[in-house]
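See structure below.
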Amino acid sequence: MEYAFRDIEKKWQAFWEKNQTYRVENQSDKPKYYVLDMFPYPSGAGLHVGHPLGYIASDIFSRFKRMKGFNVLHPMGFDSFGLPAEQYAIQTGQHPAVTTEQNISRYIEQLKNIGFSFDWSREVRTSNPDYYKWTQWIFQELFQHYYDKDADKALPVSELTARFAAAGTKSVNAVCDEDVPVLSADEWNALSETEQYAITLKYRLTYVADAVVNWCPALGTVLANDEVKDGVSERGGYPVEQKLMRQWMMRITAYADRLLNGLNTVDWSESIKEQQRNWIGRSQGASVRFPIENSERQIEVFTTRVDTIYGVTFLVLAPEHEYVDELTTPEQKAAVDAYVDATKRRSELDRMMEVKKVSGVFTGSYCLNPFNGEKVPIYLADYVLAGYGTGAVMAVPSGDQRDWNFATHFGLPIIPILDAQKDIAEQADATKEGHYINSGIINGMSYAEAVPTLVNWLEERGLGKGKINYRMRDAVFSRQRYWGEPVPVFFKDGLPYLIDEKDLPLELPAVDKYLPTETGEPPLGRAADWKYKGEYEYELSTMPGWAGSSWYWFRYMDPRNDNELASKEAIAYWKSIDLYVGGNEHATGHLLYSRFWNKFLKDIGIAEEEEFAKKLVNQGMIQGRSNFVYRVKDSQPATFVSAGLKGQYEVTPLHVDVNIVEQDVLDVEKFKQSRTDVPADAVFILEDGKYVCGWEVEKMSKSKFNVVNPDDVVERYGADTLRLYEMFLGPLTDSKPWNTNGISGTFNFLRKLWRLFFDEQTGKNVVTEDAATPEELKALHKAIKKVGEDIEVLSFNTSVPAFMVLANDLTSLKCHKKAILSDFVKILAPFAPHIAEELWEVLGNEAGTVTFQEFPVFNPAFLVENSFEYPIQINGKVRATLSFPADAQPKDIEAEVLANETVQKWLEGKTPKKVVVVPKRIVNVVI
RNA sequence: GCCCGGGUGGUGGAAUGGUAGACACGAAGGACUUAAAAUCCUUUGGGCAGUAAUGUCCGUACGGGUUCGAGUCCCGUCCCGGGUACCA
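Okay, structure coming up:
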């Protein structure tokens with residue numbers, strides 16, 4: 004009987020579905036474990052072989068944890084709002100819900116084909132109204148909270164207004180807009196309800212603002228910073244321009260410090276944590292106000308090096324700075340106007356390309372150094388960004404290379420400020436070492452002494468203060484799109500109000516077209532008679548892609564709850580994700596927003612833990628491995644030459660579908676049939692009777708003809724082989740090309756395993772009840788140890804060889820003993836669940852129960868060796884091996900080694916300088 | 001530029017500071033077969049010497065260093081991949 008993988012896999016997939024094998028309850032005597040994959044966007048192209056990599060890894064881990072006695076939550080769902088469905092809808096007029104539904108069905112079919120142990124009863128889809136009801140609900144909660152800095156958490160707006168009424172706006176230390184009015188309690192209480200409401204809008208965690216956004220005219224939408232790459236949209240590559248628009252914003256900056264500090268508590272890769280730290284971009288420094296000469300006004304700058312203040316020889320403002328007009332003297336007006344104009348016209352791309360070039364213009368005005376009253380010229384330069392800090396910097400050319408370049412270019416003075424600075428004439432020196440010189444009140448001090456001295460001086464005079472700046476901005480939350488969650492807000496007299504909670508979900512209305520309206524409103528503006536309570540305008544933008552994915556792990560805990568996003572009991576039980584697996588392209592998007600929402604949900608008593616995912620693993624990308632044929636240039640009839648001979652011709656390489664190539668050998672007939680551009684009389688120049696293709700590693704994509712569909716692999720080799728092979732390819736976190744060439748190795752292993760149970764000729768079951776020998780137990784327990792340890796650290800690529808070695812060993816030992824094979828099946832079950840269930844049944848066990856067997860326990864007693872083969876090194880090079888009892892004493896070993904013939908030969912009669920004996924490792928004789 | 005990864009046979013890769021190349025693919029040779037498939041056996045980093053067993057030298061991007069011993073640790077250089085950028 005052959006290993007009939009197709010029948011076996013179908014049988015067990017049906018069994019699991021019928022018996023609800025992987026259904027999991029929210030209560031159990033067992034400890035819980037939550038393993039989550041980043042859920043996919045169901046694209047029209049279906050899964051390719053790269054997608055399941057992480058799912059296979061997390062599935063193995065889930066199955067392993069089940070066998071280790073955990074109650075494992077391992078769900079799957081779909082991030083089903085998104086642009087491609089909408090673009091398709093624009094082209095075809097088909098409702099995105101319809102295509103999304105079709106795509107999801109296809110995904111589920113493909114996923115079920117691979118034998119994952121998902122609890123499908125918990126599936127969620129972000130585009131379902133019963134799901135996005137809760138996305139909208141969270142939005143409303145954000146709207147009803149503000150961030151209190153003293154409590155260091157979100158508090159209800161009702162608390163804010165109560166405190167305003169009792170003690171005025173100054174009594175609350177909150178994160179808010181820059182332009183909030185300062186009111187006493189009496190002044191506050193004298194305001195109308197609407198006026199008070201308008202003020203609270205400046206405090207809420209989600210708010211409306213006119214924001215400069217990345218407007219993409221081609222897509223008709225606003226893009227997040229991380230959706231824009233090099234000035235064009237990441238999706239589609241369309242031009243993006245800066246535009247001021249009314250947008251919903253998320254006050255994520257309120258959580259900046261918690262987002263930063265939380266990184267120290269999670270087991271995530273250092274690279275992701277570092278990316279998030281950079282994204283948040285916290286810098287500690289001071290703000291300093293420079294009075295403008297002959298003016299009442301001051302220019303505020305932010306600096307991380309307030310200690311260098313006596314080295315300031317000029318100030319630089321962003322060309323967009325609000326004081327530019329005022330500061331420009333008549334003589335400089337023409338030059339300034341020209342510069343500002345040129346800056347406006349330069350695209351971001353130009354600005355990036357000219358990073359090295361110094362440009363700028365003098366305004367004609369001066370300000371005064373607050374410490375010594377020195378006159379400081381004010382320049383404009385486009386290297387200063389309006390959006391960061393205050394849009395103005397104090398320039399210290401002796402300590403900052405960019406300032407040094409600028410000073411040198413414009414002939415401005417460069418003042419040394421530290422005695423440890425060197426070579427100021429050649430370049431800047433940013434050192435903090437040494438003692439200050441030319442520095443007024445801090446002369447002679449060290450860096451550590453100078454900073455507090457200066458900050459105190461500034462604060463006493465109200466000229467500045469210690470300040471922390473963040474690179475991170477509040478997140479734009481509006482999208483001018485159709486296929487997303489409607490924002491549950493209506494407008495009355497120009498002010499936004501929440502719709503009643505009982506009216507949630509606010510469902511997407513029908514529209515005639517999925518395009519902006521003629522007047523430039525988002526597509527929702529097309530909905531007929533779409534008004535709240537029949538009279539109020541709804542918000543017409545929808546939520547961004549990340550809204551639905553920023554809390555979905557909670558919904559899996561209690562996916563059908565109509566009253567809450569998840570019950571308190573469910574959240575108390577599952578708490579947070581123990582292992583989260585996904586691609587690292589989400590490093591600063593999804594993973595940062597999710598942390599933000601989780602922290603907010605913790606503040607309002609829903610989440611149990613500060614961080615939503617304890618451990619995060621980023622699987623590597625599976626790249627494509629493209630194959631090429633080589634067409635001889637200008638050949639008639641068309642001539643293709645095998646890769647090994649292409650050097651003899653002038654050739655054009657052409658991509659060829661990898662699915663008609665095996666071991667880099669082209670199936671010429673299929674090639675002729677599949678390509679209309681290959682004439683029937685095409686000539687193929689072969690080597691050794693074969694047409695060998697060239698290859699290259701590229702992105703996996705249709706256009707490169709290198710996409711491999713997991714369904715095809717499953718059809719040919721089975722899901723278990725696919726699972727093993729994807730793990731066998733290399734470390735989970737590495738990117739690697741998919742190369743089907745090696746897959747027969749894992750397939751052969753499963754067949755070899757099968758032959759331990761069955762005689763393939765006769766089909767007879769050959770399993771015996773004999774007692775295991777020490778040798779067999781040793782082989783088995785080596786594998787148990789290796790596999791158990793490897794899974795814990797997600798080193799799946801090294802467990803597969805352990806299985807192969809065990810199968811090879813047992814084959815050589817002619818071992819068909821149930822006592823050994825039972826445990827083999829169990830340790831293999833997480834990797835290859837179908838064949839494991841089948842063989843488990845063959846061994847006489849109850850059908851479908853291998854899933855819940857205890858993972859075999861490694862017994863070190865079986866691995867004890869009574870002797871050890873010592874490599875004997877002479878000066879670090881192995882010259883012999885000698886066997887010694889395991890408990891041999893080093894001095895005995897040394898004596899015998901020195902007496903050895905080979906060692907004697909190398910000693911040439913000399914006495915060794917040293918003999919190193921490492922028990923059960925090695926012996927090194929140093930001559 | 002800066003911050004992370006990484007560079008090991010023809011290929012994917014393995015290796016708590018202790019015999020580099022496990023395991024697998026591919027390749028070559030052989031057995032079985034009328035033949036093929038499947039299976040099994042042998043060889044497979046490179047050079048030199050030897051009929052052979054074997055011996056010997058070189059070898060983990062490159063150059064140094066630490067160590068009895070370095071793919072592994074340290075310093076410097078080069079290359080590849082990812083992230084990020086006039087961030088004050």
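Residue numbers in the first sequence follow this note's numbering, run continuously in steps of one, and reach 930 at the last position.
Beta carbons: idealized from backbone N, C-alpha and C, even for Gly.
Would you kindly work out how many angstroms separate the C-alpha atoms of residue i and residue j, rounded to a whole number?
| i | j | result |
| --- | --- | --- |
| V269 | Q279 | 13 Å |
| Y391 | S286 | 12 Å |
| E699 | E772 | 52 Å |
| K543 | V185 | For the record, residue 543 in the displayed sequence is Leu; it is not Lys. The alpha-carbon atoms of L543 and V185 are separated by roughly 33 Å. |
| P640 | V671 | 16 Å |
| N751 | K115 | 24 Å |
| P294 | T307 | 20 Å |
| K820 | F834 | 22 Å |
| L932 | L756 | Because residue 932 is not part of the residues shown, which for the chain are 4 to 930, the question remains open. |
| P893 | A786 | 30 Å |
| K705 | R628 | 12 Å |
| I574 | I609 | 8 Å |
| W15 | E588 | 35 Å |
| K276 | W549 | 19 Å |
| P915 | I896 | 15 Å |
| D826 | L783 | 8 Å |
| F8 | Q666 | 23 Å |
| E452 | I420 | 15 Å |
Would you call residue i buried or exposed, if buried means 16 or more other Cβ atoms sit within 10 Å of its Cβ?
| i | result |
| --- | --- |
| L352 | Low local confidence applies: a pLDDT of 46 at L352 is under 50, so the model's placement there is unreliable, and no value is given. |
| F42 | buried |
| Q622 | buried |
| D793 | buried |
| Q938 | Outside the displayed range of the chain (4 to 930) lies residue 938, so it cannot be described from this structure. |
| Q250 | buried |
| R529 | buried |
| M355 | Unreliable placement is indicated for M355, whose pLDDT of 49 sits below 50; the coordinate value is still reported in the next sentence. That one is exposed. |
| D422 | exposed |
| V860 | exposed |
| K602 | buried |
| G647 | exposed |
If you measure between the beta carbons of residue i and residue j, is that distance less than 8 Å?
| i | j | result |
| --- | --- | --- |
| P291 | L466 | Pro is not the amino acid found at residue 291; the sequence shown has Val there. Taking 8 Å as the Cβ cut-off, V291 and L466 qualify as a contacting pair. |
| L296 | Y369 | Note that residue 296 corresponds to Glu in the displayed sequence, not to Leu. Yes, Cβ-Cβ distance for E296 and Y369 is below 8 Å. |
| G265 | R598 | yes |
| K618 | Y652 | no |
| I930 | N878 | yes |
| A338 | V361 | no |
| V926 | Y873 | yes |
| V681 | V654 | no |
| P380 | T346 | no |
| K205 | D189 | no |
List the whole-angstrom C-beta distance separating residue i from residue j, where the pair is believed to meet the contact cut-off of C-beta under 8 Å.
| i | j | result |
| --- | --- | --- |
| V309 | V327 | Not confirmed; about 25 Å, so no contact. |
| E614 | K578 | That belief does not hold up - the Cβ atoms of E614 and K578 are roughly 11 Å apart, past 8 Å. |
| P489 | T434 | P489 to T434, Cβ: 56 Å. No contact. |
| V664 | N630 | 5 Å |
| A775 | I823 | 5 Å |
| V304 | T366 | Rounded, the Cβ-Cβ distance is 15 Å, inconsistent with contact. |
| M703 | V695 | About 22 Å separates the two Cβ atoms, so there is no contact after all. |
| T103 | P45 | 6 Å |
| E12 | H837 | 4 Å |
Checklist entry - With a cut-off of 8 Å, do at least 3 Cβ pairs link the segment 718-730 to the segment 791-808? => result Contact between the segment 718-730 and the segment 791-808 is present, with at least three C-beta pairs closer than 8 Å.
Checklist entry - Is the segment 436-450 close to the segment 464-479, with three or more CB pairs under 8 Å? => result no
Item to check | Segment contact flag, the segment 150-159 with the segment 505-515, C-beta cutoff 8 Å, min 3 pairs | outcome: no
Item to check | Three or more C-beta pairs below 8 Å linking the segment 556-571 and the segment 506-520 | outcome: no
Next on the checklist: Does the structure place the segment 114-129 close enough to the segment 76-91 that three or more beta carbon pairs sit under 8 Å?
Outcome noted: yes
Next on the checklist: Quick check: the segment 736-748 against the segment 31-41, are at least 3 beta-carbon pairs closer than 8 Å?
Outcome noted: No, because fewer than three Cβ pairs between the segment 31-41 and the segment 736-748 fall closer than 8 Å, the two stretches do not touch.
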